[in-house]
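**Student:** Right, I'll just put the structure down here and ask away after.
Numbering (full-length UniProt numbering), first residue to last: 1 to 407.
Following this line, the structure appears as structure tokens:
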């Protein structure tokens with residue numbers, strides 16, 4: 001902002017400087033001619049006046065010519081005076097045009113995003129008129145643009161594309177800080193996972209009544225709610241539940257490769273961030289623990305709306321993990337607690353010299369609820385570190401896993 005005003009100030013100073021030179025020239029030529037009787041200096045009786053009076057009249061005459069508002073006090077009386085007047089008028093008109101052009105351009109640059117928004121909205125209005133869209137649809141389109149861009153238009157994708165990778169990630173993380181803060185799923189997640197997700201999100205806006213997801217269709221995206229309320233609608237048009245700020249939806253069909261199990265409708269204006277199925281799978285392949293967390297939440301949601309939760313829980317790798325952990329706990333129970341050693345986490349799990357295949361996901365271990373508070377050191381607690389699991393006497397294994405993996 002300060003730079004723009006400095007440029008305008010410099011233009012004004014340049015115009016005054018040219019006026020000063022022109023005024024000096026207006027007085028210099030008659031002085032070199034000996035102040036002829038028909039010169040403007042002699043007519044105004046300025047030959048012997050104080051230099052400040054002489055300069056003031058000369059500057060007034062020059063600026064009158066340059067601004068094209070007159071000839072000063074008297075019109076030119078001689079050929080020399082006429083040519084000087086013509087030179088001042090040409091230089092003044094040129095400076096005046098340059099000044100107006102630069103000033104207008106600088107003022108417009110103060111709010112270029114708002115100007116681009118007005119131009120974009122005008123194009124949209126012309127398009128709607130050309131296609132002869134009905135009034136209700138025109139109103140919805142106009143309301144969408146007003147809510148989506150808030151009176152300012154940016155080519156954000158182009159701007160971010162010109163930044164370095166690290167700087168682009170920092171900008172995106174800053175823009176999505178409110179989303180990350182409001183989504184509990186992100187609050188307890190690995191920061192690297194959160195960073196990989198938010199850099200692949202796409203901002204979308206939906207109006208009240210818009211069907212964001214339609215039941216029975218193939219899913220290509222999941223959504224995170226930054227602001228707004230959505231309804232989960234069943235096939236009988238009954239609202240099963242509502243989701244608001246910080247929630248996410250649409251992940252079930254991405255996890256199962258199945259069709260949408262329910263429709264999602266916007267109740268209010270909704271600001272959402274979408275994650276495509278390609279980016280979804282790419283991120284979860286890097287973080288299998290987060291995949292299992294999402295599968296657990298998805299199973300709960302399916303059960304809540306009356307769908308079969310086994311769509312996401314009866315996967316082959318999950319059953320393999322169940323068998324592996326069951327074998328691990330049975331072996332640990334058979335060992336004496338005093339002789340129990342660390343269970344190494346290499347390619348296989350080892351308990352009491354017995355090798356077992358490593359589970360495909362480590363998410364089963366931290367989710368065990370064995371009935372003891374985490375803060376206490378009661379027997380039966382399984383402690384997890386980055387390199388090993390150590391177990392003492394545990395509760396009945398069959399009961400634990402029946403409660404964990406019940407449909």
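Where is the CB? At the ideal position from N, CA and C, for every residue including glycine.
For a test of the three-state rule: what should DSSP assign to residue 272, helix, strand or coil?
**Tutor:** In the structure shown, residue 272 sits in a strand (DSSP, three-state: E or B).
**Student:** Does the stretch 213 to 224 come into contact with the stretch 260 to 280, if we say contact requires no fewer than three beta-carbon pairs (one atom in each stretch) closer than 8 Å?
**Tutor:** Enough Cβ pairs lie closer than 8 Å, so yes.
**Student:** So what does DSSP say about residue 28, is it helix, strand or coil?
**Tutor:** Residue state, collapsed to three classes: helix.
**Student:** Please check the pair residue 232 and residue 240, which I expect to be a contact at CB under 8 Å, by giving their CB distance rounded to whole angstroms.
**Tutor:** That pair is a contact at about 5 Å.
**Student:** Please name the residue, chosen from 196, 97, 188, that lies closest to residue 282 on a Cα-to-Cα basis.
**Tutor:** Checked all of 196, 97, 188; the closest Cα to residue 282 is 196.
**Student:** Please name the residue or residues paired with residue 131 in a DSSP beta bridge.
**Tutor:** Its beta-bridge partners do not exist; DSSP assigns none.
**Student:** Anyone know if the C-beta pair for residue 113 and residue 152 falls short of 8 Å?
**Tutor:** Yes; because the gap between Cβ atoms is below 8 Å, this pair is in contact.
**Student:** Identify which residue in 12, 277, 188, 237 has its Cα closest to the Cα of residue 293.
**Tutor:** The shortest C-alpha separation from residue 293 is found at 188.
**Student:** Take the Cβ of residue 191 as the centre, count every other Cβ of all protein chains shown within 10 Å, and call the residue buried at 16 or more, exposed below.
**Tutor:** Counting Cβ neighbours within 10 Å, residue 191 comes out exposed, since fewer than 16 surround it.
**Student:** Looking at C-alpha atoms only, which residue of 121, 165, 59, 200 is the closest neighbour of residue 150?
**Tutor:** Taking only the C-alpha atoms, the option nearest residue 150 is 121.
**Student:** Quick one: is residue 13 near chain C, going by C-beta distance under 8 Å?
**Tutor:** Among the chains of the structure shown, chain C does not appear; only one protein chain is present.
**Student:** Looking at the unbroken beta strand (DSSP E) that takes in residue 231, where does it start and where does it end?
**Tutor:** That run of the beta strand (DSSP E) goes 230 to 233.
**Student:** Please identify the residue among 58, 129, 260 whose C-alpha is closest to the C-alpha of residue 85.
**Tutor:** That would be 58, whose Cα lies nearest to the Cα of residue 85.
**Student:** How is the alpha helix (DSSP H) around residue 166 delimited, first residue to last?
**Tutor:** Here the alpha helix (DSSP H) through residue 166 covers 165 to 175.
**Student:** State the DSSP-derived secondary structure class of residue 158, mapped to helix, strand or coil.
**Tutor:** Reduced to three states, the DSSP call for residue 158 is helix.
**Student:** For the stretch 50 to 66 against the stretch 15 to 27, are there 3 or more C-beta pairs whose distance is under 8 Å?
**Tutor:** The stretch 50 to 66, when compared against the stretch 15 to 27, does touch it at the 8 Å Cβ threshold.
**Student:** Start and end of the alpha helix (DSSP H) containing residue 301?
**Tutor:** Residue 301 -> alpha helix (DSSP H) spans 288 to 304.
**Student:** With a cut-off of 8 Å on the beta carbons, I'd call residue 272 and residue 193 a contact; round off their distance for me.
**Tutor:** With 8 Å as the limit, residue 272 and residue 193 do not qualify as a contact, their Cβ atoms being about 20 Å apart.
**Student:** Where do the N-terminal and C-terminal ends of the beta strand (DSSP E) with residue 242 fall, by residue?
**Tutor:** That run of the beta strand (DSSP E) goes 239 to 243.
**Student:** Pick out whichever of 88, 202, 279, 176 has its Cα sitting closest to the Cα of residue 15.
**Tutor:** Ranking 88, 202, 279, 176 by Cα distance to residue 15 puts 88 first.
**Student:** Under 7 Å Cβ to Cβ from residue 27, same chain only, skipping five residues before and after it: list those, please.
**Tutor:** The answer, listed in chain order, is 41, 54, 58.
**Student:** With 16 as the cutoff for other CB atoms within 10 Å, does residue 184 come out buried or exposed?
**Tutor:** Looking at its Cβ environment, which holds fewer than 16 other Cβ atoms inside 10 Å, residue 184 is exposed.
**Student:** Nearest by alpha-carbon distance to residue 143: which of 206, 166, 159 is it?
**Tutor:** The residue with the shortest Cα to Cα distance from residue 143 is 206.
**Student:** At the level of alpha carbons, what is the spacing between residue 38 and residue 101?
**Tutor:** Distance between the alpha carbons of residue 38 and residue 101 is about 38 Å.
**Student:** For the beta strand (DSSP E) containing residue 263, list its first residue and its last residue.
**Tutor:** 263 to 266 is the extent of the beta strand (DSSP E) around residue 263.
**Student:** Looking at the unbroken alpha helix (DSSP H) that takes in residue 226, where does it start and where does it end?
**Tutor:** Run containing residue 226: none in the alpha helix (DSSP H); it sits in the beta strand (DSSP E), 221 to 227.
**Student:** Does DSSP classify residue 153 as helix, strand or coil?
**Tutor:** In this structure, residue 153 counts as coil in the three-state DSSP scheme.
**Student:** Between the alpha carbons of residue 255 and residue 130, how many angstroms are there, rounded?
**Tutor:** Taking the straight line joining both Cα atoms gives about 43 Å.
**Student:** Suppose the cutoff is 6 Å on Cβ atoms and the five residues either side in sequence are ignored; what does the same chain contact list for residue 116 look like?
**Tutor:** Cβ neighbours of residue 116 beyond the five flanking positions: 153.
**Student:** Who does residue 213 pair with in a DSSP beta bridge?
**Tutor:** Per DSSP, 264.
**Student:** Taking the alpha-carbon of residue 411 as reference, which of 198, 146, 127 has the nearest alpha-carbon?
**Tutor:** A question about residue 411 goes unanswered here, because the residues of the chain that appear run from 1 up to 407.
**Student:** Is it right to say residue 221 is buried, meaning 16 or more other beta carbons lie within 10 angstroms of its own, or is it exposed?
**Tutor:** Residue 221 is buried by the Cβ-count criterion.
**Student:** Per DSSP, residue 204 forms a beta bridge with which residues?
**Tutor:** Answer is 272.
**Student:** Ordered along the chain, which non-local residues of its own chain (more than five positions away) have a Cβ less than 6 Å from that of residue 341?
**Tutor:** Only weak support exists for where residue 341 lies, its pLDDT of 48 falling under 50; the value from the coordinates is given anyway. Excluding sequence neighbours, residue 341 sits near nothing in its chain.
**Student:** Could you spell out where the alpha helix (DSSP H) holding residue 61 opens and where it closes?
**Tutor:** Taken as a continuous stretch (DSSP letters only), the alpha helix (DSSP H) holding residue 61 covers 51 to 66.
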